């Protein structure tokens with residue numbers, strides 16, 4: 002076992018998988034640049050702050066994180082909080098709030114608040130992955146044909162240009178750019194060809210990631226268009242645009258620092274708390290989603306991830322960066338690029354830093370259409386990674402939260418979409434609990450109704466039980482079986498007791514089976530095996546009554562609670578049957594079942610045709626004369 006664990010650690014060591022992690026890190030880096038810039042723009046922050054967040058996410062958070070494949074950076078969901086906070090506080094005071102958020106995340110991690118992630122239903126996680134995939138497809142189509150009015154990373158339904166996700170698909174036709182379409186189509190072709198098995202066997206394709214080939218090809222294509230067909234060449238908003246820093250002093254000018262003079266401002270702490278809660282929620286959901294995508298099914302320690310995110314947010318705020326979370330889009334690119342370890346995230350951060358310092362001019366030549374092609378492939382894989390038919394067959398309980406999450410993401414934004422999905426999951430749980438509290442399978446027997454309560458009966462089930470009892474007709478009989486119940490809310494218990502006290506007015510006979518009070522209930526007391534004293538105290542009439550009562554329980558499926566191992570121990574010193582029962586050999590007429598008996602309660606004599614012979618008579622004589630049976634039942 003220890004050798005196996007040691008081998009797994011070696012298999013996933015950071016340096017042993019560079020041939021996989023380095024290309025994946027490049028792929029993530031190429032997409033991180035426009036996403037970081039776009040989200041910074043949407044947040045009303047300096048563009049450079051988005052890049053700082055990506056750098057810190059790679060160089061600080063990735064080494065500290067327990068997530069093998071998670072990528073941390075700017076999050077579109079946080080822009081809804083960041084934009085009004087910067088407008089009301091100012092950027093420097095906002096950085097102080099972000100720093101406080103990081104401290105709170107560390108505290109939450111130390112307090113093991115990461116356990117919240119384990120309560121997120123898988124249907125919401127699957128819906129989040131599919132919904133984000135669909136969003137990526139819808140949002141990147143305009144960029145692929147040359148309509149670049151909206152920033153990369155805009156996942157809101159209502160966009161900055163006042164169009165919605167769907168109306169923009171029609172409006173973009175008026176902004177059609179042949180150059181963008183050409184670059185996007187060629188880029189998609191490269192990506193699809195690169196994934197063909199025949200190409201994957203080639204050494205070059207294994208070493209060089211397809212996104213890198215796409216980016217270089219798109220830059221070359223656009224430069225050729227600029228030289229030969231200038232009318233088709235892309236420029237301005239259709240290209241990546243990052244701040245150019247020529248030396249260290251100009252780099253330092255791009256940095257901003259928290260204003261600690263605002264530490265007495267209560268609004269700073271409120272914003273910090275809000276960021277901490279929302280960023281932690283987004284991170285925990287992303288962790289669940291990325292673990293689901295991980296081909297090796299590794300589990301990320303959620304508390305460790307919160308601490309890593311907290312440290313990252315502190316460092317980012319001190320350098321003038323935006324708050325960060327673990328982000329699904331970049332993490333899914335990492336997974337799809339065959340990354341093995343967190344080294345891919347570290348490489349992403351290092352490349353962001355080096356690119357800003359060394360090749361900003363080259364980055365500003367990358368067409369957004371080529372990046373849109375990369376994201377279209379990512380979006381398609383995310384949107385189709387869930388089998389909708391299989392999920393539908395699992396039932397409403399799973400399918401409803403999944404659909405609600407997908408629709409919420411598409412028609413609002415990532416943050417509200419997730420909240421809608423969680424609300425739908427909670428509603429589905431409440432409805433399932435409401436329905437499962439009482440059930441009537443094989444429960445109607447003439448005028449008798451059997452109501453079996455489930456394990457947990459809460460106040461939410463009060464109306465259902467009350468309506469059921471009120472609907473009972475006069476001169477009927479009802480059995481309320483609480484054998485399986487471990488908790489009964491007082492409101493429900495009160496309704497049952499009130500009905501019991503009033504039932505005689507409607508001439509309704511009510512039997513309470515194992516109703517043991519309210520609140521957390523003690524276990525049902527087990528029926529013990531008969532001993533010498535109990536056998537001797539019974540008369541034949543009493544034994545017959547016991548058998549009738551047991552048969553009635555069998556008919557109404559009200560089986561007594563018995564611990565068979567306990568009864569084996571009780572009867573180890575001797576057997577004390579209360580009756581001998583002669584029956585046919587029919588396999589469907591087990592005496593212990595049809596009379597609801599335990600071990601050693603009766604002698605059972607069985608013969609084909611139920612015909613007496615000397616052997617059977619001898620068995621009956623032994624049972625009555627020597628073993629003390631009080632009754633013979635044929």
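Numbering (the working numbering), first residue to last: 2 to 635.
Cβ atoms here follow ideal geometry from the backbone N, Cα and C, with glycine treated the same way.
No experiment lies behind these values; they were computed from the predicted model shown.
Backbone secondary structure at residue i - three-state DSSP
{"i": "residue 234", "result": "coil"}
{"i": "residue 1", "result": "Examination of residue 1 is not possible in this model, given that the chain is present from 2 through 635 alone."}
{"i": "residue 478", "result": "strand"}
{"i": "residue 521", "result": "strand"}
{"i": "residue 93", "result": "helix"}
{"i": "residue 558", "result": "coil"}
{"i": "residue 440", "result": "Summary for residue 440: the model assigns pLDDT 46, below 50, so the residue's position carries little reliability, and this model does not support an answer."}
{"i": "residue 264", "result": "helix"}
{"i": "residue 296", "result": "coil"}
{"i": "residue 413", "result": "coil"}
{"i": "residue 576", "result": "coil"}
{"i": "residue 360", "result": "coil"}
{"i": "residue 531", "result": "coil"}
{"i": "residue 88", "result": "helix"}
{"i": "residue 15", "result": "coil"}
{"i": "residue 142", "result": "helix"}
{"i": "residue 612", "result": "coil"}
{"i": "residue 591", "result": "coil"}
{"i": "residue 198", "result": "helix"}
{"i": "residue 172", "result": "helix"}
{"i": "residue 259", "result": "coil"}
Among the options, nearest to residue i - alpha-carbon criterion
{"i": "residue 150", "options": "138, 164, 158 and 139", "result": "164"}
{"i": "residue 586", "options": "608, 514, 597 and 432", "result": "608"}
{"i": "residue 211", "options": "416, 25 and 579", "result": "25"}
{"i": "residue 527", "options": "16, 158, 269 and 598", "result": "598"}
{"i": "residue 264", "options": "563, 624 and 94", "result": "94"}
{"i": "residue 386", "options": "80, 295 and 326", "result": "295"}
{"i": "residue 139", "options": "576, 374, 491 and 493", "result": "374"}
{"i": "residue 238", "options": "425, 367 and 456", "result": "367"}
{"i": "residue 52", "options": "126, 38 and 59", "result": "38"}
{"i": "residue 606", "options": "547, 491 and 581", "result": "581"}
{"i": "residue 282", "options": "142, 306, 40 and 175", "result": "306"}
{"i": "residue 177", "options": "90, 145, 459 and 196", "result": "145"}
{"i": "residue 320", "options": "523, 588, 21 and 58", "result": "58"}
{"i": "residue 78", "options": "548, 328 and 349", "result": "328"}
{"i": "residue 560", "options": "190, 207, 119 and 451", "result": "451"}
Sub-8 angstroms separation of residue i and residue j beta-carbons
{"i": "residue 407", "j": "residue 333", "result": "no"}
{"i": "residue 342", "j": "residue 23", "result": "no"}
{"i": "residue 71", "j": "residue 345", "result": "no"}
{"i": "residue 35", "j": "residue 153", "result": "yes"}
{"i": "residue 579", "j": "residue 505", "result": "no"}
{"i": "residue 467", "j": "residue 280", "result": "no"}
{"i": "residue 134", "j": "residue 381", "result": "yes"}
{"i": "residue 97", "j": "residue 292", "result": "no"}
{"i": "residue 73", "j": "residue 337", "result": "no"}
{"i": "residue 628", "j": "residue 576", "result": "yes"}
{"i": "residue 184", "j": "residue 371", "result": "yes"}
{"i": "residue 304", "j": "residue 103", "result": "no"}
{"i": "residue 456", "j": "residue 502", "result": "no"}
{"i": "residue 31", "j": "residue 216", "result": "yes"}
{"i": "residue 125", "j": "residue 402", "result": "yes"}
{"i": "residue 588", "j": "residue 611", "result": "no"}
{"i": "residue 173", "j": "residue 290", "result": "no"}
{"i": "residue 326", "j": "residue 28", "result": "no"}
{"i": "residue 137", "j": "residue 376", "result": "yes"}
{"i": "residue 461", "j": "residue 481", "result": "no"}
According to DSSP, residues forming a beta bridge with residue i
{"i": "residue 607", "result": "584"}
{"i": "residue 457", "result": "488"}
{"i": "residue 240", "result": "368"}
{"i": "residue 1", "result": "With the chain running from 2 to 635 in the structure shown, residue 1 is simply not present."}
{"i": "residue 633", "result": "581"}
{"i": "residue 165", "result": "159"}
Minimum Cβ-Cβ distance from residue i to chain B less than 8 angstroms
{"i": "residue 52", "result": "This model lacks chain B altogether, as it is built from one protein chain only."}
Ordered list of beta strand (DSSP E) runs contained in the stretch 482-513, each at least 3 residues: none
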